[in-house]
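Trainee: There's a structure below that I have some questions on.
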Amino acid sequence: MKILVDENIAYGIEAFSTLGEVVTLHGKDFTNQLCRDADAIITRSITKVDENLLAGTNVKFAATATIGLDHYDTTYLNSAGIKYVNAPGCNSSAVRDYVLAGLANLANKYSWKFADKSFAIIGVGNIGSKVEKWGEKLFGECLLNDPPREKKESTNKFVGIDEALQADVITLHVPLNKGGEYNTVHLLDEERINSLKPSTVLINACRGAVVDNNALLHRLKEKNDIQVILDVWENEPDINEELLSLVDLGTAHIAGYSLEGKVNGTVAAYNALCSFVGVNPIWKPSMPVLPNSKIELDTSETIEKQLLALMEQVYSIEEDSKLLKKNGAAEFNDLRKKYKLRRDLENYEYELKQ
2 MKILVDENIA YGIEAFSTLG EVVTLHGKDF TNQLCRDADA IITRSITKVD ENLLAGTNVK
62 FAATATIGLD HYDTTYLNSA GIKYVNAPGC NSSAVRDYVL AGLANLANKY SWKFADKSFA
122 IIGVGNIGSK VEKWGEKLFG ECLLNDPPRE KKESTNKFVG IDEALQADVI TLHVPLNKGG
182 EYNTVHLLDE ERINSLKPST VLINACRGAV VDNNALLHRL KEKNDIQVIL DVWENEPDIN
242 EELLSLVDLG TAHIAGYSLE GKVNGTVAAY NALCSFVGVN PIWKPSMPVL PNSKIELDTS
302 ETIEKQLLAL MEQVYSIEED SKLLKKNGAA EFNDLRKKYK LRRDLENYEY ELKQ
């Protein structure tokens, strides 16, 4: 079996070479010609998997080692009889850590208290649920918006989108759904962005097109009265550099880039391919030991300062933001490709006290 594997898949060679011949290449270099004699492809989010890529090839299995499937033309794949899988939840802890780092940064920068703010999570899936647990610790209560879950679960714990957008702090964790009942393209359109209260904190670490970037730019240029953290952008990697200059923190779509997040994606793709070809998985990742995993915090400090001290040792969002603001769109892909993977918060010992 011949398997084409994105070169940025963690442990890609080690894992998939147990199943056949592995050819690694950059995610942008997947072509129809290269796929002609391949049996399976393992991608990340920058590879568009559609008829142009796979028509007339031998590929019968495609896996993305990422949460999202918006780069896969599932209609075509279904019609062509090509099995496809993604890796839901693989980097949920890493994205939660990104949100925590952003919250700690802004709370200390602008001297606000978690306890004085209302907190809303839009999209309460694998990532949003982990953010919710911390939201309850920090803010005391979370406003939850998730129409698919609300319909499925028939509970009253969810609120409408417009109520959620009146919270003081809002974090977005929805998939990119293009049309249909649960469309999320420009979920935050011009009207909703303009409806945000002054001093609102807005975090987008899901998909760039969930927020109308032009409308957000206009709000920041005209009023500059909200605090914004963006990890994802419309038209990546050709992001709007004027918008980048105006957000508090802007990063290069790396919120989920922890070692665990990457490896979880590889494991999901590997196990799925093993199942597809009918063999027992024999590869398991050997994770490096994390030195200095115990973090001493001054629990006499405010919870905001404690969280900042913790996250600065686990993950510095400010450092990533400075890199993107310095280098701009031209280096967006390189910042992702050369990213030094961090470790998830679960690897550390610490004590936070309110």
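Sequential numbering of the sequence shown, starting at 2, is according to our numbering. Heads up, the beta-carbon is just placed ideally off N, CA and C, and yes, glycines get one too. Everything numeric in this text was worked out from a predicted model, so none of it was measured.
1. Taking only three categories from DSSP, how would you classify cysteine 275?
2. Determine the contact status of asparagine 92 and glycine 262, defining contact as a CB-CB distance below 9 Å.
3. Within the continuous beta strand (DSSP E) that includes alanine 41, where are the two ends?
4. Could you pull out every residue in the same chain whose Cβ sits closer than 7 Å to the Cβ of glycine 209, ignoring the five residues on either side in sequence?
5. One question on the structure: do tyrosine 99 and isoleucine 318 come within less than 9 Å of each other, judged by their Cβ atoms?
6. Below 8 Å on the Cβ atoms is my contact criterion, and I expect isoleucine 204 with glycine 103 to pass it. Report the Cβ-Cβ distance as a whole number of Å.
7. If you count every other CB in all the chains shown that lies within 10 Å of the CB of glutamate 305, and 16 or more means buried, which is it?
8. Does the segment 336 to 355 come close enough to the segment 144 to 156 that 3 or more CB-CB pairs lie under 8 Å?
9. Is aspartate 117 buried or exposed, if buried means 16 or more other CB atoms sit within 10 Å of its CB?
10. Quick one: what does DSSP say glutamine 34 is sitting in, helix, strand or coil?
11. I believe asparagine 59 touches aspartate 40 by the beta-carbon criterion, under 8 Å. Please report the beta-carbon distance rounded to the nearest angstrom.
12. Which residue comes first and which comes last in the alpha helix (DSSP H) that contains tyrosine 316?
13. Where are the alpha helix (DSSP H) runs, 4 residues long or more, that stay fully inside the segment 172 to 259, in chain order?
14. Let me make sure I understand the geometry here. Which of Asn272, Thr156 and Leu70 has the alpha-carbon closest to that of arginine 45?
15. Note down, one range per segment and in chain order, each beta strand (DSSP E) of at least 3 residues found wholly within the segment 40 to 75.
16. Hey, is the segment 163 to 179 in contact with the segment 188 to 196, meaning 3+ C-beta pairs nearer than 8 Å?
17. With distance defined between alpha-carbon atoms, name the residue in Lys354, Asp7 and Gly180 nearest to threonine 65.
18. State yes or no: is the C-beta of tyrosine 349 within less than 9 Å of the C-beta of serine 259?
19. What residue does the beta strand (DSSP E) around glutamate 22 start on, and which one ends it?
20. For lysine 152 and valine 160, what's the separation of their Cα atoms in angstroms?
21. Between isoleucine 227 and proline 199, which are expected to be in contact by the criterion C-beta below 8 Å, what is the C-beta distance as a whole number of angstroms?
22. Going by the beta-carbon positions, is the gap between aspartate 239 and asparagine 106 smaller than 9 Å?
23. Any idea which residues DSSP pairs arginine 343 with across the strands?
24. Assuming the contact rule is C-beta atoms closer than 8 Å, leucine 139 and phenylalanine 115 should be a hit. Round their C-beta distance to whole Å, please.
25. Out of Trp284, Leu101, Asp299 and Ser119, which has the shortest C-alpha to C-alpha gap to tyrosine 12?
26. Alpha carbon to alpha carbon, how far is isoleucine 162 from asparagine 215? Give it in angstroms, no decimals.
27. What did DSSP end up calling aspartate 7 once you bin it into helix, strand or coil?
28. Check for me: the alpha helix (DSSP H) holding phenylalanine 140 runs from which residue to which?
29. Give the straight-line distance between the Cα atoms of isoleucine 47 and tryptophan 135, rounded to the nearest whole angstrom.
30. Have a look at Ile4, Pro149 and Asp30 and flag the residue whose alpha-carbon is nearest the alpha-carbon of threonine 19.
31. What are the boundary residues of the beta strand (DSSP E) that leucine 144 is part of?
32. Taking the CB atoms as reference points, tell me whether lysine 356 and serine 246 lie closer together than 9 Å.
33. Enumerate in chain order the residues of its own chain whose CB-to-CB distance from leucine 308 is below 6 Å, with the five nearest sequence positions on each side excluded.
34. Would you report the Cα separation of threonine 156 and glycine 124, rounded to the nearest angstrom?
35. For alanine 256, which residues in the same chain have their Cβ closer than 7 Å to its Cβ, ignoring the five residues on either side in sequence?
Mentor: Considering the structure as presented:
1. Cysteine 275 falls in the helix class under three-state DSSP.
2. In this structure, the beta-carbon distance from asparagine 92 to glycine 262 falls below 9 Å.
3. Looking at the DSSP string, the run of the beta strand (DSSP E) that includes alanine 41 is 41 to 44.
4. The residues are Val233, Trp234, Glu235 and Glu237.
5. Yes, the pair counts as a contact, with Cβ atoms nearer than the cut-off.
6. The C-beta distance from isoleucine 204 to glycine 103 rounds to 6 Å, short enough to fall under 8 Å.
7. Burial check for glutamate 305: the Cβ neighbour count within 10 Å reaches 16 or more, so the residue is buried.
8. No, they do not touch.
9. Around the beta-carbon of aspartate 117, fewer than 16 other beta-carbon atoms lie within 10 Å, marking it exposed.
10. Helix, per DSSP.
11. About 6 Å; that satisfies the 8 Å criterion.
12. Here tyrosine 316 belongs to no alpha helix (DSSP H), and DSSP marks it neither H nor E.
13. Counting whole runs of 4 or more residues, the segment 172 to 259 contains the alpha helix (DSSP H) stretches 191 to 196, 214 to 223 and 242 to 247.
14. It is Leu70.
15. For secondary structure counted as the beta strand (DSSP E) over 3 or more consecutive residues, the segment 40 to 75 holds these complete runs in sequence order: 41 to 44 and 62 to 65.
16. In short, these stretches touch, since the Cβ pair count reaches three.
17. Checking every option, the nearest Cα to that of threonine 65 belongs to Asp7.
18. No; because the gap between Cβ atoms is not below 9 Å, this pair is not in contact.
19. Unbroken beta strand (DSSP E) run through glutamate 22: 22 to 26.
20. Lysine 152 and valine 160: Cα-Cα distance of roughly 12 Å.
21. Yes, they are in contact, since the Cβ atoms of isoleucine 227 and proline 199 sit about 7 Å apart, within 8 Å.
22. 9 Å or more divides the Cβ of aspartate 239 from the Cβ of asparagine 106.
23. DSSP lists Ser259 as partners of arginine 343.
24. Here leucine 139 really is in contact with phenylalanine 115; their C-beta atoms are around 4 Å apart, less than 8 Å.
25. Of Trp284, Leu101, Asp299 and Ser119, the residue nearest in Cα terms is Trp284.
26. Distance between the alpha carbons of asparagine 215 and isoleucine 162: 20 Å.
27. Aspartate 7 falls in the strand class under three-state DSSP.
28. Element bounds for phenylalanine 140: 127 to 140.
29. Taking C-alpha positions only, isoleucine 47 is separated from tryptophan 135 by approximately 31 Å.
30. If you compare the alpha carbons of Ile4, Pro149 and Asp30 with that of threonine 19, the shortest gap goes to Ile4.
31. Element bounds for leucine 144: 143 to 146.
32. Because residue 356 is not part of the residues shown, which for the chain are 2 to 355, the question remains open.
33. Short of 6 Å from the beta carbon of leucine 308, and not among the five residues preceding or following it, lie these beta carbons of its own chain, in chain order: Ala105.
34. Each residue's Cα considered, the two are about 15 Å apart.
35. Only Ala95, Val96, Tyr99, Ala206 and Asp232 meet the Cβ criterion.
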